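Residue numbers (the numbering used here): 125 to 296.
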């Protein structure tokens, strides 16, 4: 639960960052002409999906996560108004077309002279959960290896002790 809250907080922070970048652009057409400005804000985030739509709803920019071959349209749903900062409460569940689960937030960003753009940001899966799953697998492997080693050492000690006992019985 704590990790999903942190993932949601990261999603909200990214939306704030994207709004800030969009506010520095002169017009909605600048989103299409200069996508690196927005994509730099997403650098290092493999499982994020970003969609920016113009005032008429036409897509200006759409990205896909590294795990999916193409970017399907994201559902917009209720958007956070431009006058309000997004919060963790604005993040909701989302079912990607590729299956699995994700989290999504939608917000309005103002560009240039106050032209509203629709920003939808979604996360497919969780990086933190992937790390934890990998850690759990490594831990389980180490635990099994330790149990096997303890069993082998116990058997060796028992055999050594029994050999001494057998030699003592043979002498008697």
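We put the beta carbon where it would ideally sit given N, CA and C, even for glycine. For clarity, every value in this text was computed on a predicted model and none was experimentally measured.
Got a sec, what are the start and stop residues for the alpha helix (DSSP H) residue i sits in?
i: residue 157; result: 153-157
i: residue 140; result: 126-147
Taking the beta strand (DSSP E) that residue i falls in, what are its first and last residues?
i: residue 180; result: No beta strand (DSSP E) holds residue 180; DSSP gives it neither H nor E.
i: residue 242; result: 239-248
Taking C-beta to C-beta, are residue i and residue j nearer than 9 Å?
i: residue 230; j: residue 219; result: no
i: residue 235; j: residue 152; result: yes
i: residue 244; j: residue 179; result: no
i: residue 135; j: residue 233; result: no
i: residue 142; j: residue 174; result: yes
i: residue 140; j: residue 209; result: yes
Would you call residue i buried or exposed, if buried means 16 or more other Cβ atoms sit within 10 Å of its Cβ?
i: residue 211; result: exposed
i: residue 214; result: buried
i: residue 237; result: exposed
i: residue 255; result: exposed
i: residue 226; result: buried
i: residue 279; result: exposed
i: residue 172; result: buried
i: residue 246; result: buried
i: residue 176; result: buried
Between residue i and the rest of its own chain, which residues show a CB-CB distance below 6 Å, the 5 nearest in sequence each way excluded?
i: residue 194; result: Because the pLDDT at residue 194 is just 49, under 50, the model does not fix this residue reliably, and the value given afterwards should be weighed accordingly. Result list for residue 194: 188, in chain order.
Once the 5 residues before and after residue i are set aside, which same chain residues still bring their CB inside 8 Å of it?
i: residue 149; result: 155, 158, 161, 235 and 236
Sorted by chain position, which residues of the same chain lie with C-beta nearer than 7 Å to residue i's C-beta, five sequence neighbours on each side aside?
i: residue 132; result: 212, 215 and 227
i: residue 217; result: 225 and 227
Item to check | Sequence ranges, alpha helix (DSSP H) only - wholly within the segment 201-228, length at least 4 | outcome: The qualifying runs do not exist here; there are none.
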